[in-house]
Structure formats: structure tokens, C-alpha cells
Amino acid sequence: MKHYDAIIIGSGQAGSPLAKKLANAGKKTLLVEKRFIGGTCVNDGCTPTKTMVASARLAYLAGRCNDMGITIRGYTVDLKQVKKRAMGIVMKSRNGSQAAMEKTKNLDLFFGEATFIDNKTISVNPKTGKARQFKAEQIFINAGCKTIIPTDIEGLDDIDYLTSTSILELEKVPEHLLIIGGNYIGLEFGQMFRRFGSEVTVLERSGRLISREDEDISTEITRILEDEGIKVLANSKAIKFKNKGKNQITATVKTGDKESKIKCSHVLIAVGRSPQTERLALDKTGVKLDVKGYIKVNDKLETSEPGIYALGDIKGGPAFTHIAYNDYTIVYRNLIEKQDLSIKDRPVPYCMFTDPELGRIGITEKEAKDQGLNVKVARLPMAHVARALETGDTRGLMKAVVDADTKKILGVAVVGTEGGEIMTVLQMAMEGGITYDRIRYCVFAHPTYSESLNNLFMALED
């Protein structure tokens, strides 16, 4: 059995940088990864999907550029080439990260699936060869999440359904893609494949898409998607699938009290993700889980077992790459730099990369009202943004929730081109305590999207 100062399970956006930093700090470190370096973000998530979203946007622009005086006499979508480009970027990132780790002093890399033997010892089963055991005083779990597969849909196992991972392997555009789940993953893929040429239908169990957002934001996103020809069925769920042959699937869908049949060629499951804790054998340790299987941690990312930490999606809470990376910085600075940092009250910005994208930070209007806060709400349609008019895309809106007494910005949602970048400007204002009345008269470069933050807050009365 080999002994280390630190063992890290999973090479996601927390595990990889933490491994290198601990090793560079002089700790003998082992990084265990069962698949590929980089985790979901690099291999199955952000990197390939946002690369493909960029290709889909070019198809969208090619289809409407005649409105702006540029004539294109038709275009075709080569999904194989789209995939090749995406995987080229994935492999560059994956291989670059692995090479950097292999050159790092004090850092060993071992591929295989880890399970706990006790609270200081793990067994790692590689794809080939015998299992090996490793021991360390500190163990960091960054094993991530996996796609939830519904168990209440009759016939689901009889069809070759897709997940957010397997859909990336397609080399032909689906004729009709049926998406189970109107969340961020489902909507990004839905719009992407609609632009590639698929007929797309989205089934959402709740009354509207992205129901965690305010209703006006949900309505705007829905309108944008429907304008592109995506069929959205709210209050709907698939209750049965029947395989009629290759790429011939019939879905029985229940909408309210009514049932209907939908014929499709492909089905994407996008109802959410669950933590990959089952195979870790955490029952051999003192690590406690919540009712959904996520690892419980305190505000410093420590589990209930001293010396074991959990970072990223597997601990629950916001499942974003940037949150996992921030987890790493907090753990590292606390352990090595002896700081006293916490995840409590940290900002949680995020984007949904439909086109236009949604950028979000802080609380929603509904959350503010539910908390009984005295707030004002500022809205500005992108149709009133000069830069949007000039670039020919006026879809979406800017929205900010502010404290009526202190004038501080409490939350922001921006649906529009560069929505994430506009949101980030206001996030920096929130971090710095800059009030909306100062932004109202701030000097921004013209013509930019952020310039219209003047107009966004101009409508608010002091």
C-alpha cells in the first residue's frame, strides 16, 4: 500500500488545480480519475457543447443574414465537422492538462475507479490490471454527477435514448429530437439541433420552462425558442415509449389530463443530474449524505469525517464549473495559506448558453417578494438597446432587482446577446457596493451593450 499526504478523487474543475497546487506546496499527492482528465466540463460539458453552440449560431446567422443585406444562397450543416472541431478543442485541453500534471513534482496520476476501504484508505480498480490501495491523511472528493434516468417511463429501456454525453457522439442530425426536460441542458441542446435542422419538441413537467427563473424571463426564453420553431409542451411528461424500428420511436405524452402520441427519431433525457456517490462506498467512512445522496459539507467544504473534503457538484448546491473551481480555491487557501474562508454568502453567477444567452446573479424578483423585501424592479427590452439594434438582434431584456431603501442591486437577469458579460458588469457593482443611482449616470463607452445600463436604471424613481 502506498502512502500519500493527499488523495484527490476526480479531476474536474476542483480536483485538477487542487492536485497541482498541493503538490507544488510540497505535499505528496495522488490524483485518481476513472475516465478523462478535466471531468465533465472539459470532456462532456462546457467545452464541447459551447463549441457546438457556436457552430449552431453560425447556421442561425446564415439563415437570416439576408435581412442585413448579405445574400447567402443556401448552406449545409456538416455535423461530423462540427463534432471534429469540438473534439479537437476537447483533446487539446484534456491532453494539455494531463501533460502538465505528469510533469508536476510530487504528483502521481492513476486511472481507475476509487472506492473507500476506510476513512483514510481507498482501493482503485483500473480498467486493466489489479486493484491497488492507497492511503492518505487528507482525501478530497471531486467525483461529480451523472444524468438522472427516469424509472417511471414505460419502455424507456427499449429505446436507444440519448444523454448529454452520448448526444455528442451523433454524426447525423436527428430528424425529430424529443427532449425530456426543459432545463438549461435540454434547452441548449434543443436550440442547437433545431438550428442544425432537426424538428425539436421539449416536454416540461412544470407549468413553464426554467421555472426557477422569474416568469417574465421564462416567458421571454420560451418565445425566443418557439420563434425558431421549437415546440414546447408545458405540464407534460412522457409516460411510455415504443420502439418501431431504427430511429422510429413513438412517445405517449400526458399533458394535463390528456394523452397524445408523438413520433420522433431520437430522445434526449435531460431531467437533471445526481451525485456519483453510490460506488464510492462512503458507508465505510464517517461521511454523511443527504436524502438525495449528495455529500454533506460545512461552510469550509469539510465532510462529517475529519480529513475528508467534498468539492464541486457532488456536494450539492449550485452545479457550476466556476463554483467547483471556487471550492478548490477556498480549500487550498484554508489548508495551505491558513486563511479562514467560507462558501457562505458567496456570489453564484451563471449563464444558460442558449442564443441569446441568459446571465443571472443574485435573487429573483419573486424571491425578493417572498422575503418581504422593499424592492424596485428595472426592466429594459433589448429592442431599446442601441447596440442590439445595430447588430440586428433585439431579442431579450435586461432586468434588475434593487433595494428601494439602500439602492443596492440585489439580483440581475439579462436575456440577450452578451447577456453573461452584461450580468458580470452588474455583479462587479454588487461586489463593490455600487448602487444603481451611480450606474445610472456612469460613463460607459458608446456603443456597447453595457452602456444601456444607464437606461435600465433611468426609469427607477428615487
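According to the numbering used here, the stretch in the sequence shown is residues 26 to 487, in order.
Glycine included, C-beta positions come from ideal geometry on N, C-alpha and C.
Here the structure is a predicted model, which is why all the values come from computation and not from measurement.
Coarse secondary structure for residue i, derived from DSSP in three states
i      : result
Lys145 : coil
Gly270 : strand
Glu58  : strand
Pro42  : helix
Leu258 : strand
Gly436 : strand
Ile242 : helix
Asp133 : strand
Gly51  : coil
Glu446 : helix
Tyr100 : coil
Thr226 : strand
Lys108 : helix
Tyr209 : helix
Ile459 : coil
Pairwise C-alpha distance: residue j and residue i
i      : j      : result
Met453 : Glu213 : 26 Å
Arg60  : Leu405 : 45 Å
Pro381 : Thr302 : 35 Å
Glu476 : Val468 : 8 Å
Ser299 : Asp315 : 12 Å
Asn323 : Gly342 : 12 Å
Gly94  : Gly88  : 12 Å
Pro73  : Phe141 : 32 Å
His28  : Met112 : 36 Å
Glu443 : Ile62  : 30 Å
Asn260 : Glu446 : 33 Å
Lys152 : Glu327 : 30 Å
Ala81  : Thr54  : 41 Å
Thr247 : Leu234 : 7 Å
Ala393 : Tyr466 : 25 Å
Arg110 : Leu104 : 10 Å
Ile249 : Gly421 : 8 Å
Met448 : Gly384 : 6 Å
Outcome for residue i when other beta-carbon atoms lying within 10 angstroms are tallied against a minimum of 16
i      : result
Lys46  : buried
Asn268 : exposed
Gln273 : exposed
Gly232 : exposed
Met77  : buried
Glu58  : buried
Lys313 : exposed
Gln216 : buried
Pro331 : exposed
Ser223 : buried
Tyr357 : buried
Lys271 : exposed
Asn399 : exposed
Asp69  : buried
Arg463 : exposed
Ser41  : buried
Asn208 : buried
Thr310 : buried
is_contact[residue i, chain D] using C-beta, thresh 8 Å
i     : result
Lys75 : The structure shown has no chain D; it contains just one protein chain.
Checklist entry - Counting pairs of beta carbons, one from the stretch 327-338 and one from the stretch 32-39, are three or more of them closer than 8 Å? => result Yes, since at least three Cβ pairs between the stretch 327-338 and the stretch 32-39 fall closer than 8 Å, the two stretches touch.
Checklist entry - If you pair each beta-carbon of the stretch 120-130 with each one of the stretch 277-288, do three or more pairs fall below 8 Å? => result Contact fails: fewer than three Cβ-Cβ distances are below 8 Å.
Checklist entry - Fully enclosed by the stretch 324-382, which alpha helix (DSSP H) runs are 4 residues long or longer? => result Fully enclosed alpha helix (DSSP H) runs of no fewer than 4 residues occupy 346-360 of the stretch 324-382, in order along the chain.
Checklist entry - Counting pairs of beta carbons, one from the stretch 161-168 and one from the stretch 185-203, are three or more of them closer than 8 Å? => result Short answer: they don't touch.
Next on the checklist: Under 8 Å: do the stretch 472-485 and the stretch 413-427 share three or more Cβ pairs, one atom per stretch?
Outcome noted: The stretch 472-485, when compared against the stretch 413-427, does touch it at the 8 Å Cβ threshold.
Item to check | Complete runs of the beta strand (DSSP E) confined to the stretch 275-322 [at least 3 residues] | outcome: Restricting attention to beta strand (DSSP E) runs no shorter than 3 residues, the stretch 275-322 encloses them at 283-289, 291-294, 298-300, ordered along the chain.
Checklist entry - Touching or not, the stretch 237-250 and the stretch 431-444, by the rule of three or more beta carbon pairs under 8 Å? => result Here the stretch 237-250 lies against the stretch 431-444, with 3 or more beta-carbon pairs under 8 Å apart.
Checklist entry - Curious, which full-length alpha helix (DSSP H) runs of at least 4 residues does the stretch 136-202 contain? => result Those alpha helix (DSSP H) runs which fall completely within the stretch 136-202 and span 4+ residues do not exist here.
Next on the checklist: What ranges does the alpha helix (DSSP H) occupy inside the stretch 381-427, keeping only unbroken runs of at least 4 residues that lie completely in it?
Outcome noted: Correct list: 390-395, 411-416.
Checklist entry - Is the stretch 278-285 touching the stretch 143-162 in the sense that three or more CB pairs, one from each, lie closer than 8 Å? => result The stretch 143-162 is not in contact with the stretch 278-285.
Next on the checklist: Count Cβ pairs between the stretch 114-121 and the stretch 396-416 that sit closer than 8 Å; are there 3 or more?
Outcome noted: The stretch 114-121 is not in contact with the stretch 396-416.
Next on the checklist: For the pair the stretch 247-256 and the stretch 218-233, tell me if three or more CB-CB distances fall below 8 Å.
Outcome noted: These segments touch.
Item to check | contact_flag[the stretch 343-354, the stretch 174-183] where n(CB pairs < 8 Å) is 3 or more | outcome: Judged by Cβ distances under 8 Å, the stretch 343-354 makes no contact with the stretch 174-183, as fewer than three pairs qualify.
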